[in-house]
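Sequence lines, in order, name chains Y and S.
Each step along the first sequence adds one to the number in this note's numbering, with nothing skipped, and position 5 is -11.
Just so we're on the same page, this note's numbering is the position in the second sequence counted from 1, plus 16.
Structure, as structure tokens:
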Amino acid sequence: MKVSRLKQLILGELLRLHKYNVIFISVFIALVWGIILYFVNSNIFDVLLPLLILVDSTMMSFMYIGSVMFFEKKESTLSSILVTPVKNEEIVLSKIFANTLHNLLSTSLVIIAFVFIKQVELRYILIFFSIIVITSLFTGLGLLFSYYQKDFTTMLMNIMILAFLLLIPSALFAFGIISGKFWEYILLINPIQAAQELINGGFKEYEITWKYYFSLAYLLVGLITTYKYLIIPKFQKYAVSISGV
Amino acid sequence: MFKVENLEFKYTKNQSNVLNGLNFEIKEGEIFGFLGPSGAGKSTTQKIIIKILEDYKGKILYKDKDLKSYGNEFYEDIGVSFEMPVHFSKMTAMENINFFLKLYKNNEDIELLMKRLGLWEDRNKLVGEFSKGMKIRLNLVRALLNKPKMLFLDEPTNGLDPANAMIMKDIIREFKNNGGTVFITSHIMSDIDQLCDRVAFIVNGEIKEIDSPRNLKIRYGKRTVKVEYKEDNQIKSKEYPLTEISENRDFIDIIKSKDIETIHSGETTLEDIFIKVTGVNLDNES
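As structure tokens, this is what we get:
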């Protein structure tokens, strides 16, 4: 892997995220949610802020990378990148880095705003590290997901279904609708719940337990194995299938 | 430059082979035309030669070395111009080109190239605002930007007006004259005729013919001369065998005594050869 080429690809991805308004939309959505949070009472705020960061790092990054892949599919630009000296790993990594970076930007804006407005106390290194790990994993999963989607509308529908299936148990648990040790443990298998645990660990009032370390290891192992055994091996087949050479 | 031996390929979803033992060579410094009806295996062959598809049987040598032994540095050597536009539409032409330029070691003089193709003035325009012809010309800039040794061109003049098609063909000829090799597929037989040193016809994954356009035209044409002349206020025509034409008294008499309208040799066109070899009419293509 060549660092200068990877850097060039990341810069290209960031430029395209800007040109195709993905960065604008993500910052705009984060700000809208931020405004809504500003007006809710402190009890709901304490639950909603981590949930907002969770949704932004998981399903939103999933959707953003899906839209990027569809722009490329529509414009057949991947065909042109495939016939450069760039390696598949570099293409995939550049997409993960760029999407993580731009998502980190939008989420950070909300977090920093609430640090000043509502004096939220954070473990800064942990919260930003969590966002990076979670966004990287969900960007990777989004990439993998996009390989199998026929069109943008179908992809959005499927993301909605997936979000419903994955987010609902975590939301029910967060609001105390389902509770107890059984659910506490079993839900950690859900990557969304593991991500929630990681984000909670970024807030000072949250006590870090074994669940935090388990979630961190689970998501990191998930990221590496998904990248190595699914995203990269299936990328070439996907790229060939959409290339109209 | 490329030597293809017994090339076979089967897509995993298909039951039968797409390519059934192709054998051909692309010589260094030539323009090689690859022709055939849709589904004949042209794109698959090109995908294999440019290392996009890898699970093939047979052998492909590039510069006398197995193609499979090359890594991604292979792409420093080649340029590919796709049939469809392959640009980021919300970026300017220059932003598109600059992105790709930085991925290669060697860089072409983009200003000169874009000026020749009439795109320099519009370099800061979004590609989404380009006409189809402009996008196709930008494809050629993209293919040439790394100073490749070999060009792969898919329908390079499709969608271009005659003036721009001429410029495009001139650039392709110049590329060849400077030592470059070209692999070209096109349905525009006049382009193939004007540009190619040799052509191959592929049908159902097999090469049916491979030769220079001149030789093919002689081989598939009739060795005759057809003369049209005026006689009794009518246009009449006669056809004579080319063999020993200088001793054909009737032919010489007509040439000497009649008011000749046209004389045509029985040489055929590449379009006719395409139809004969492939059994497909070009109107049904593309």
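Virtual Cβ for every residue (Gly too), placed ideally from N, Cα, C.
Name the DSSP bridge partner or partners of residue i?
{"i": "MET166/S", "result": "ILE94/S and THR197/S"}
{"i": "THR108/S", "result": "LEU142/S"}
{"i": "PHE187/Y", "result": "LEU106/Y"}
{"i": "ARG230/S", "result": "DSSP, once it has assigned bridges, lists no residue as partnering ARG230/S."}
{"i": "ALA216/S", "result": "PHE50/S and ILE226/S"}
{"i": "LEU77/S", "result": "LYS19/S and ASP82/S"}
{"i": "ASN24/S", "result": "The sequence shown places Glu at residue 24/S, rather than the Asn named in the question. The partner list for GLU24/S (beta bridge, DSSP) reads ASN36/S and LYS73/S."}
{"i": "ILE42/S", "result": "PHE18/S"}
Out of curiosity, what's the CA-to-CA distance linking residue i and residue j?
{"i": "LYS75/S", "j": "ILE226/Y", "result": "26 Å"}
{"i": "ALA158/Y", "j": "ILE115/Y", "result": "19 Å"}
{"i": "LEU23/S", "j": "SER32/S", "result": "14 Å"}
{"i": "TYR222/Y", "j": "LYS19/S", "result": "28 Å"}
{"i": "ASN193/S", "j": "ARG132/S", "result": "17 Å"}
{"i": "ILE187/S", "j": "ILE95/Y", "result": "56 Å"}
{"i": "LEU(-5)/Y", "j": "ALA82/Y", "result": "8 Å"}
{"i": "VAL296/S", "j": "GLY49/S", "result": "17 Å"}
{"i": "ARG107/Y", "j": "PHE100/Y", "result": "15 Å"}
{"i": "LYS254/S", "j": "GLU260/S", "result": "16 Å"}
{"i": "GLU46/S", "j": "LYS121/S", "result": "25 Å"}
{"i": "VAL157/S", "j": "LEU129/S", "result": "7 Å"}
{"i": "ASN264/S", "j": "HIS280/S", "result": "16 Å"}
{"i": "GLY37/S", "j": "THR201/S", "result": "20 Å"}
{"i": "TYR86/S", "j": "MET205/S", "result": "34 Å"}
{"i": "LEU121/Y", "j": "LYS73/S", "result": "37 Å"}
{"i": "ARG214/S", "j": "LYS242/S", "result": "28 Å"}
{"i": "ASN180/S", "j": "GLY134/S", "result": "9 Å"}
{"i": "LYS212/Y", "j": "THR61/Y", "result": "24 Å"}
{"i": "PRO229/S", "j": "LEU286/S", "result": "7 Å"}
{"i": "ILE13/Y", "j": "LYS(-14)/Y", "result": "35 Å"}
{"i": "THR294/S", "j": "ASN220/S", "result": "9 Å"}
{"i": "SER147/S", "j": "PHE25/S", "result": "37 Å"}
{"i": "THR60/S", "j": "ILE42/S", "result": "16 Å"}
{"i": "GLY52/S", "j": "TYR256/S", "result": "33 Å"}
{"i": "PHE198/Y", "j": "MET53/Y", "result": "32 Å"}
{"i": "TYR27/S", "j": "LYS84/S", "result": "19 Å"}
Looking only at its own chain, which residues have a Cβ that is under 7 Å from the Cβ of residue i, when we skip the five neighbours before and after it?
{"i": "ASP275/S", "result": "TYR245 and LYS246"}
{"i": "GLU99/S", "result": "ASP170, GLU171 and ASN174"}
{"i": "ILE251/S", "result": "GLU244 and GLU277"}
{"i": "VAL229/Y", "result": "With a pLDDT of only 45 at VAL229/Y, under the threshold of 50, the placement of this residue in the model should not be trusted; the figure read from the coordinates follows. Closer than 7 Å at the Cβ level, and outside the excluded window around VAL229/Y, lie SER63."}
{"i": "ILE216/Y", "result": "ASN72, GLU73 and VAL76"}
{"i": "GLY124/Y", "result": "ILE80, LEU207, THR210, TYR211 and ILE215"}
{"i": "TYR22/Y", "result": "ILE101"}
{"i": "LEU176/S", "result": "GLY149, ILE152 and MET184"}
{"i": "MET110/S", "result": "ARG139 and ASN140"}
{"i": "PHE40/S", "result": "VAL20, ALA216, ILE223 and ILE226"}
{"i": "ARG(-11)/Y", "result": "VAL70 and GLU74"}
{"i": "LYS188/Y", "result": "GLU105, LEU106 and ARG107"}
Report all residues from its chain with a CB closer than 6 Å to the CB of residue i; omit the five preceding and five following residues, and keep chain order.
{"i": "LYS151/S", "result": "PRO101"}
{"i": "GLU44/S", "result": "MET17 and THR197"}
{"i": "SER105/S", "result": "VAL143 and GLY144"}
{"i": "GLY126/Y", "result": "PHE46, ILE49 and GLY50"}
{"i": "LEU110/Y", "result": "GLY185 and GLY186"}
{"i": "VAL117/Y", "result": "LEU203"}
{"i": "GLU222/S", "result": "ASN36"}
{"i": "MET139/Y", "result": "GLY50 and GLN133"}
{"i": "PRO34/Y", "result": "ILE183 and ASN184"}
Once the 5 residues before and after residue i are set aside, which same chain residues still bring their CB inside 8 Å of it?
{"i": "ILE289/S", "result": "PHE217, GLU225, LEU232, LYS233 and TYR236"}
{"i": "HIS86/Y", "result": "LEU(-2), LEU1, VAL6, ILE7, SER10 and TYR48"}
{"i": "ASN142/Y", "result": "PHE129 and GLN133"}
{"i": "LEU258/S", "result": "ARG239, THR240, VAL241, SER281 and GLY282"}
{"i": "ASP227/S", "result": "ARG214, VAL215 and ARG235"}
{"i": "GLN220/Y", "result": "ASN72"}
Is residue i near the ligand NAD, with its Cβ less than 7 Å from a heavy atom?
{"i": "LYS75/S", "result": "For the structure depicted, the ligand NAD is absent and the ligand set is empty, with no information on it obtainable."}
Beta-carbon of residue i versus every beta-carbon of chain C: anything under 8 Å?
{"i": "MET17/S", "result": "Protein chains Y and S are contained in the structure displayed, whereas chain C is not."}
| field | Contained alpha helix (DSSP H) runs [length at least 4] in the region 234 to 300 of chain S, N- to C-terminal order | value | 265 to 273 and 286 to 294
| message | I'd like the ranges of any alpha helix (DSSP H) spanning at least 4 consecutive residues and lying wholly in the region 76 to 159 of chain Y. | response | As far as the region 76 to 159 of chain Y is concerned, its whole alpha helix (DSSP H) runs of at least 4 residues are 108 to 131 and 136 to 158.
| Contact between the region 36 to 47 of chain Y and the region 179 to 193 of chain Y (3+ Cβ pairs under 8 Å) | Yes, the region 36 to 47 of chain Y touches the region 179 to 193 of chain Y.
| Just checking, does the region 49 to 59 of chain Y make contact with the region 80 to 93 of chain S on the three C-beta pairs under 8 Å criterion? | By the Cβ test, the region 49 to 59 of chain Y is not in contact with the region 80 to 93 of chain S, since fewer than three Cβ pairs between them sit closer than 8 Å.
| query | Which runs of the alpha helix (DSSP H) fall wholly inside the region 114 to 159 of chain S and span at least 4 residues, in chain order? | reply | 126 to 132
| Does the pairing of the region 58 to 71 of chain S with the region 204 to 212 of chain S give three or more beta-carbon distances under 8 Å? | no
| said: Assess contact between the region 146 to 165 of chain Y and the region 62 to 82 of chain Y, defined as three or more Cβ pairs (one per stretch) separated by less than 8 Å. Is contact present? | reply: no
| message | Under 8 Å, with one C-beta from each stretch per pair, do the region 88 to 98 of chain S and the region 159 to 166 of chain S reach the 3-pair mark? | response | yes
| query | Enumerated in chain order, which unbroken segments of the beta strand (DSSP E) with a length of 3 residues or greater are wholly contained in the region 178 to 224 of chain Y? | reply | The qualifying runs do not exist here; there are none.
| task | Mind listing, in chain order, the continuous alpha helix (DSSP H) runs of no fewer than 4 residues lying wholly within the region 24 to 50 of chain Y? | result | 26 to 39
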